[in-house]
Amino acid sequence: MARIGIFLCHCGTNIAGVVNISQVREAVKDIPQVVLVEESKYMCSEMGQGGIREAIEKNKLDRVIISACSPRMHENTFRKTVADAGLNPYLLEIANVREQDSWVHADDKEAATEKAIALTRTAVAKALLNQPLTPKRVGLTKRALVIGGGIAGIQAALDIANAGHPVVLVEREPTIGGRMAQLDKTFPTLDCSSCILTPRMVEANQHPNITIFTYSEVMSVSGFVGNFKVQIRQKARHVDSVKCTGCGICWQKCPDLVPSEFDTGLGGRKIIYVPFAQAIPNVPVIDMPNCRYVKHLEAAKEGKKLPPCRICEKLCPTGAIDWEQEDQVLTEDFGAIVVATGFKPFDYGRYTEFGAGKYPDVIGLLQLERLLSASGPTNGELKRPSDGAHPKTVVFLSCIGSRDERMGKPYCSKVCCMVMAKQAILLKDHDPEIQPYVFYIDVRAGGKDYEEFYQRSQREQGVLWLRGRVSKLYQDNGKVIVMGEDSLMGRPVEIAADLVVMATGMEANDGAVDLAQTLHISYDTHGFMVEAHPKLRPLETNTDGIFLAGTVSGPRDIPETVAQGSGVAAKVLGLFSKDELATDPTVAYVDAMRCTGCFLCAEVCPYGAIDKEPSRDGRLLAKVNESLCKGCGLCVAGCRGNCINLRGFTNQQVIEEIMALCR
Amino acid sequence: MTHQAYAYYPGCSLSSTAREYDVSTRKVFEALGLELRELEDWSCCGASAAKGINHLLGLALPGRVIQQAEEANLPLTTPCPECYSRLRFAAYEMKDEATRKQVSQVLETEIKNTGAIEPTLKIIWQYDGDLRIKKPLTGLKAVAYYGCLFVRPKDVAAFDDQEDPRSMDDIVTRLGVEMLDWGFKTECCGAYLSVPKPEIVYRLVYRILKGAKQAGADCVVVACPLCQANLDTRQKAIEERYRVHFDLPIIYFTQLMGLAMGFSAQELLLDKHLTDPLPLLRGKGLA
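Chains as they are written, first to last, in this note's numbering: chain L, 373 to 1035; chain C, 1447 to 1733.
So this is what it looks like as structure tokens:
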């Protein structure tokens, strides 16, 4: 005979305001094996928990039912409570009478009370079959992988490394630095972006605990929290990074120019190149498809002759050019993974009414950053792309690829308003004769000193902010005519601009979805990766040991991104503070005697937690990897032979619950 | 090639002010082996006044045309963007079962509302056979002007991009004409305001013509009778008012097709325009 105690929580008026608690008490007190029913205004309070502990000890309870809020809210709290009273925590059962009852049936109190009784009775039926469960313990590798070498990844890597743990930083571009390296100055302080970024890049590069793999990508990830196995592909630079001293003679003498990705196509770069002067590592890569020597080799195959070039090879003083270098695949062990792969700016060419990207003097935010930057293609002299003239009238268009359902981007990109304010102020700094106009929907200046900064752009710098959308741009005699609306004045506006800047929003980076799939973490319809909880677990994913930092999970500015980089490091360090990890025992298990090895379970498992293990007669049978299993139960439902079961939630328990509901 | 026939609905403009559009469309279709069977008893599409006075009347008038095409059991086509717009709107609204029943009741005939309704422009755009060009129109530079109605609104009528359509550019490029990029493809020409508020039309048309001239065009290629009328008949007055010289012939794309197919300028009624295209075409050796 079991001894069951039922605890009914009022949750203030959240439950008791709808559910008639005394009626519930009456209805459940006579269920066989129930020896005690108690109430508390707040069961989760210290007093409420103390009452539970006392009741367990005094009445020698061996099953506890708590009729309260969702187990997502307080299951861990109450498991600890019953464990403190000496009861196995898995003998606790929670009936959710708040989220699934009082909150949603507030308009029908009678039915809500009836449902509360049914849910509590169901929990009793399940609890009778609960078995004591014990977590298993596994070791962990105290080494972190950070994917993405922008400011979020650099910050996370530094904070983890400074705490004494080794970190591998993987970046797919030839240098770390990310988007922040492309910016000129930052709002609202107008400090130079690269001046504050490059010391961090150098620090990461020189840190004894940090290994940087640039020009590299994550290929595959297996394993589980504390024990990930990751394959990293290091693309061939065709330059030996040990021999190369970064002297620069190769990229000075390389004869060909192509548009520079770093300068957003506005400037040129050589075929053997480092993306920018402060690149880390200061080792160039050869852009093979554009290289004269490669073209020469390909032409030779077709029997044609092209000059071979190889100037870089001839001039390199250390013989670092290596045409034979190949991609390398490394397999490394990690305990935690930080995903910080950032964003890309929206392609404004999708706006056909604004010239579909064909008008040279219509540019994006990032292009203007490069035109303003002293390290940019014009050395910081503001020249417009079409004819190099100094623009005097500059018009900004807000919300390009943000807050626009037509483009499938209903979300606000959060930073663009402030970027426009900053760039307008910088334009005035460059040339006081410039008149900037900004067409906006709303100005979103939420952030420390942001509103003041926006106000300053208006009051001190004379930037004209016009509330309204622009319907069309067209070129007219060297000008770009902006046809818009001033919705505060209620009239159409036409401005003949020398330069038009599209405030391009943030989009999920290229390859984000592929990476999320490789990591088995979720992503939203826009390709941004999804947090475990949008408010309370913003840096974690639903996969233990994989964390998110920066714009990979949505638009944010630099301070927030850096805060997330540090925050994620705290999460990783918390994990690394343990010497072994406890695994949740509520996982699936296979009855090997009945398994036929069809592996339907493996197909439905979202976590890759089904292993194939040979039995004594050599057949492959399913075996649950308990460290990977999340206890979702898909395999249990999927198993044709009914030979998989879930600890703490067996098929028999489900049946008993249904029986109790039907009684 | 499979023989394809269409129920042809020319509409009022094509039987009056835009007769050259009708004539050239019929010639082009015939040359391509596409049959146009004109609806025997077609009536107004409801474009100008009807839809503003009475919503149901605005649906019933195009509904009647749709019903006639259903009777003929042929896909319905029209060259006029106004007609096309009204037909598509009626079909769109009749997706609602109650509306369809109501319109059927008014017409005293059941409308199935299942048939295809396409503009002739789209049919020619998607025609993948030989265009039977005898005389490519090389040396001619043009811009394509689609007007506002052909591609809008997206859910109802669009068969091409809303802001940067390509259909006419693609067709006329195949004739050997150099099609220039410009920013006014779907700009409003002022349409009906031509009568009550001509000064608005002057301003809008001036900007369009200026854009075409700046792009370097010899002429403007159109597919809409109202656009053609506004750009052509107002041109002289605009030139005087703004003290400019445009001299830009406004030619239907089907007229250029016909010319390339070997029909004479007179057969295509190219001599009917107010801004005479013949000096330009003769100068290039094309007419």
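We treat Cβ as the ideally placed atom computed from N, Cα and C, and that holds for glycine.
Cutoff 8 Å: residue i Cβ touching any chain C Cβ
| i | result |
| --- | --- |
| L:ASP848 | yes |
| L:THR570 | no |
With 16 other Cβ atoms within 10 Å as the buried cut-off, status of residue i
| i | result |
| --- | --- |
| L:ARG966 | exposed |
| C:VAL1549 | buried |
| L:ALA516 | buried |
| L:ASP434 | buried |
| L:ASP821 | exposed |
| C:PRO1508 | buried |
| C:GLY1725 | According to the sequence provided, residue 1725 of chain C is Pro. The question's Gly does not apply to it. Exposed, by the Cβ-count rule. |
| L:LEU669 | exposed |
| L:LYS452 | exposed |
| L:GLU698 | exposed |
| C:MET1447 | With a pLDDT of 42 at C:MET1447, under the threshold of 50, the predicted position of this residue should be treated as unreliable, though the coordinate-derived value follows. Answer is exposed; the Cβ neighbour count stays below 16. |
| C:GLN1514 | buried |
| L:GLY1013 | exposed |
| L:LEU678 | exposed |
| L:ALA553 | buried |
| C:LYS1541 | exposed |
Under 7 Å from the C-beta of residue i: neighbouring residues of chain L
| i | result |
| --- | --- |
| C:PHE1630 | TYR846 |
| C:ASP1627 | LYS730 |
Within chain L, the residues that residue i reaches when beta carbons sit closer than 8 Å
| i | result |
| --- | --- |
| C:GLY1657 | TYR846 and ASP848 |
Inter-residue CB distance, residue i and residue j (contact presumed, cutoff 8 Å)
| i | j | result |
| --- | --- | --- |
| L:ALA921 | L:ALA524 | 4 Å |
| L:TYR462 | L:GLY1020 | 6 Å |
| L:GLN795 | L:LYS764 | Wrong, their Cβ atoms sit about 15 Å apart, outside the cutoff. |
| L:ASP733 | L:VAL852 | 5 Å |
| L:GLY618 | L:ASN654 | 4 Å |
| L:ASP870 | L:ALA761 | 7 Å |
| L:LEU555 | L:GLU741 | 5 Å |
| L:THR586 | L:GLU633 | Actually they are not in contact, since the Cβ atoms of L:THR586 and L:GLU633 sit about 14 Å apart, beyond 8 Å. |
| L:PHE559 | L:PHE825 | 6 Å |
| C:ASN1559 | C:ARG1546 | 6 Å |
| C:ASP1693 | C:LEU1720 | That belief does not hold up - the Cβ atoms of C:ASP1693 and C:LEU1720 are roughly 11 Å apart, past 8 Å. |
| C:VAL1589 | C:PRO1611 | Rounded, the Cβ-Cβ distance is 12 Å, inconsistent with contact. |
Neighbouring residues, chain L, relative to residue i (Cβ below 9 Å)
| i | result |
| --- | --- |
| C:GLN1660 | GLN847, ASP848 and ASN849 |
Any non-hydrogen atom of the ligand SAH within 7 Å of residue i CB
| i | result |
| --- | --- |
| L:TYR961 | This structure simply doesn't include the ligand SAH, nor any ligand for that matter. |
Practice prompt. Scan the region 1606-1621 of chain C for residues whose Cβ lies nearer than 8 Å to a Cβ of chain L and list them as they occur along the chain.
Written response: ASP1607, GLN1608, GLU1609 and ASP1610
Discussion item. Tell me which residues of the region 870-884 of chain L have at least one Cβ-Cβ distance to chain C shorter than 8 Å, keeping chain order.
Written reply: none
Worksheet item: Got a sec: which bits of the region 713-741 of chain L sit with their beta carbon under 9 Å from any beta carbon on chain C, in order along the chain?
Response: TYR723, THR724, GLU725, PHE726, GLY727, ALA728, LYS730 and TYR731
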